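Engineer: Okay, here's the structure, questions in a sec.
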Amino acid sequence: MEKHDVVIVGAGPAGLKAAEILAGAGKDVLVLEKNEIVGPKVCAGGISTKCKNLGIPKNLFERSFDSFRLLRSHHDIVVKYNKSVGYTIDRAVLGTYMRKRTEDNGATIRTSSRVTSITKDYVVCCGKKIKYNYLIGADGSISTLRKYLNLPTNKIGIGMQYLVNQETDYVMGCFDHKIFGSEYVWIFPYKKSFSVGTSAKLGTKNIPELRKKLDSWCKKRGIDLKGAEFQATTINYDYQGFKFGNIFLVGDAAGLAFGFSGEGIYSAIVSGKIAAQSIIDKNYDYNKDISKLLKHKRLQESILPFLEQEHIRPILFEFIALGLRTRLGREIFLKFFA
Ligand SMILES: Cc1cc2nc3c(=O)[nH]c(=O)nc-3n(C[C@H](O)[C@H](O)[C@H](O)COP(=O)(O)OP(=O)(O)OC[C@H]3O[C@@H](n4cnc5c(N)ncnc54)[C@H](O)[C@@H]3O)c2cc1C
């Protein structure tokens, strides 16, 4: 039977980062990816400043921005900083870059290879059993590994977006509670296009209805959706644990995306790194680093119960909009998101 030190399910940012580090440390690593191409993923590609430490070269970014625009029914504020506060990246570009680094370090990435079942000793992929010493579940928000571990997933959102072939300059957040309730609409600009999208917790909203609301919001704002590609998929933010014996869950599979902003690239890469480090160094205390990641996630998600209350929502959004007119408010906002 084929056997590897580490088998990683999924070649998203979480799986590739873990593979890159493990292979760099001399481990025999196999990454199994169900798709034919590594990288493309339904994602707005927004990267916050905390990603600066992840070593993604700046020339890979589509755009960098030092301001964003905040819309409410009666506010249109441009919030400006004297530094870059975020970037956008094309997920295909990020995937190609990370794949190369991983393969250069000696890991094997096998595409068109869906893992269909898992046991405590081996995974089954394309009808073949593959044995592992360690297994990393980096297989996104509908994770086969998470299912195998029998973990519940109650906090899961659906993100939807249009890719519009027009240029725009601003990153935009629109908090219009009368239309979108507790959710917001984003616009993320790329070199020659932008994404406009929104999200909602599954089970709380009628999803086709939400899409219609997004369509009519775009129409009202003069955004022409003719020819724009519509995409949607899930985001898991229900963290239930990281290490289960010799099995690790990372990124969206672990529910490490941030529940309010929907940001997940950062925690995917960081958790991939932590899993790799835990396998390489038996004395490494992964709890400290996972707790750091969870601290920011939980801080951001602490706003969710308030947003779910209809009478508090407008007051909170109003408070944020007013706060952003002050320097202190802008700094707090940045800390909260980035
Ligand atoms: C609409 C939308 C917008 C978003 N915008 C942003 C944003 O602006 N910024 C941000 O930081 N995050 C954003 N996110 C979240 C972000 O996309 C994810 O958090 C991130 O991709 C998680 O990375 P990952 O490596 O954990 O999982 P993924 O990127 O999902 O990678 C998982 C990989 O596993 C593979 N796979 C799955 N099952 C199997 C299997 N059984 N066998 C083999 N392979 C398998 C998949 O094909 C995939 O390649 C957005 C999400 C959505 C839905």
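Counting from 1 along the sequence shown, just add 1 to a position and that's the residue number in our numbering.
Glycine is no exception: its CB is placed at the ideal position from the N, C-alpha and C atoms.
Note that the structure is predicted; figures quoted are calculated from it, not measured.
What residue range is occupied by the uninterrupted alpha helix (DSSP H) comprising Asn288?
Structural biologist: Within the sequence shown, numbered from 1, the residue matching residue 288 stands at position 287. First-last of the alpha helix (DSSP H) with Asn288: Tyr287 to Glu302.
Engineer: Taking 8 Å as the cut-off, does the CB of Leu295 come closer than this to any heavy atom belonging to ligand 1?
Structural biologist: The residue you call residue 295 lines up with position 294 of the sequence shown. Not so, every heavy atom of ligand 1 lies at least 8 Å from the Cβ.
Engineer: If contact is defined by three or more beta carbon pairs under 8 Å, each pair taking one atom from either stretch, is the region 98-116 in contact with the region 210-224?
Structural biologist: Cβ pair count under 8 Å is below three, so no.
Engineer: Going by CA-CA distance only, name the one from Cys126, Ile143, Lys121 and Cys127 that's closest to Tyr135.
Structural biologist: For the purposes of this step, residue 135 is taken as residue 134 along the sequence shown, with counting starting at 1. Comparing Cα-Cα distances from Tyr135 to each of Cys126, Ile143, Lys121 and Cys127, the minimum goes to Lys121.
Engineer: Indicate the three-state DSSP secondary structure (helix, strand or coil) for Ala233 in the structure shown.
Structural biologist: Translated into positions along the sequence shown, residue 233 becomes position 232. Here Ala233 sits in strand by DSSP.
Engineer: Look at Lys53 and His297 and say whether their C-beta atoms are less than 9 Å apart.
Structural biologist: Translated into the one-based positions of the sequence shown, residue 53 becomes position 52. Translated into the one-based positions of the sequence shown, residue 297 becomes position 296. No, they are not a contact pair.
Engineer: In the DSSP output, what is Asp77 paired with across the bridge?
Structural biologist: Looking up residue 77 in the sequence shown gives position 76. Leu72, per the DSSP bridge assignment.
Engineer: Using the Cα positions of Met161 and Tyr82, report the straight-line distance between them to the nearest angstrom.
Structural biologist: Along the sequence shown, one-based indexing puts residue 161 at 160. Along the sequence shown, one-based indexing puts residue 82 at 81. Using only the alpha carbons, I get a separation of about 28 Å.
Engineer: Can you list, in chain order, the residues of its chain whose CB lies under 6 Å from that of Asn284, leaving out five sequence neighbours each side?
Structural biologist: Position 283 of the sequence shown, counted from the first residue, corresponds to residue 284. Result list for Asn284: empty, nothing under 6 Å.
Engineer: Excluding five sequence neighbours on each side, which residues of the same chain lie with their C-beta closer than 8 Å to the C-beta of Phe259?
Structural biologist: Position 258 of the sequence shown, counted from the first residue, corresponds to residue 259. Only Tyr238, Gly265, Ser268, His297, Lys298, Gln301 and Glu302 meet the Cβ criterion.
Engineer: Could you give the C-beta distance for Gly96 and Ile248, rounded to a whole number, given that I count them as a contact under 8 Å?
Structural biologist: If you number the sequence shown from 1, residue 96 lands on position 95. If you number the sequence shown from 1, residue 248 lands on position 247. With a Cβ gap of about 24 Å, Gly96 and Ile248 do not count as contacting.
Engineer: With respect to 8 Å, is the separation between the Cβ of Pro14 and the closest non-hydrogen atom of ligand 1 below this value?
Structural biologist: As a position in the sequence shown, residue 14 is number 13, starting the count at 1. Flag set: Cβ of Pro14 near ligand 1.
Engineer: Pick from Lys202, Val197 and Thr234: whose alpha carbon is nearest that of Gly218?
Structural biologist: Within the sequence shown, residue 218 is the residue found at index 217, counting from 1. Here residue 218 turns out to be Trp, not Gly, going by the sequence shown. Measuring from the Cα of Trp218, the nearest candidate turns out to be Val197.
Engineer: Out of Leu72, Ile57, Glu230 and Ser68, which one is the CA nearest neighbour of Leu164?
Structural biologist: Walking along the sequence shown from the start, residue 164 turns up at place 163. For Leu164, the nearest C-alpha among the options comes from Glu230.
Engineer: Verify the contact flag: Lys192, CB atom, against every heavy atom of ligand 1, threshold strictly below 8 Å.
Structural biologist: For the purposes of this step, residue 192 is taken as the residue at position 191 of the sequence shown. It does not: the Cβ of Lys192 is nowhere closer than 8 Å to a heavy atom of ligand 1.
Engineer: Beta-carbon within less than 7 Å of Ala20's beta-carbon, same chain only, minus the 5 sequence neighbours each way: which residues are those?
Structural biologist: Counting from one through the sequence shown, the residue named residue 20 turns up at place 19. Closer than 7 Å at the Cβ level, and outside the excluded window around Ala20, lie Ile9, Val30, Val32, Thr103 and Ala108.
Engineer: Within the region 185-243, note down every full alpha helix (DSSP H) run reaching 4 residues or more, in order along the chain.
Structural biologist: Taking only runs of at least 4 residues, the alpha helix (DSSP H) segments lying wholly in the region 185-243 are 208-221.
Engineer: For ligand 1, is there any heavy atom lying closer than 8 Å to the beta carbon of Ser142?
Structural biologist: Translated into positions along the sequence shown, residue 142 becomes position 141. Checking the Cβ of Ser142 against ligand 1 gives yes.
Engineer: Report all residues from its chain with a CB closer than 6 Å to the CB of Ile281; omit the five preceding and five following residues, and keep chain order.
Structural biologist: Taking the sequence shown and counting its residues from 1, the one referred to as residue 281 is at position 280. Closer than 6 Å at Cβ, skipping near neighbours: Ala26.
Engineer: For His312, count neighbouring C-beta atoms within 10 Å of its own C-beta (all shown protein chains included) and say buried if the count is 16 or more, exposed if not.
Structural biologist: Within the sequence shown, the letter at position 311 stands for residue 312. Exposed, since its Cβ has fewer than 16 Cβ neighbours within 10 Å.
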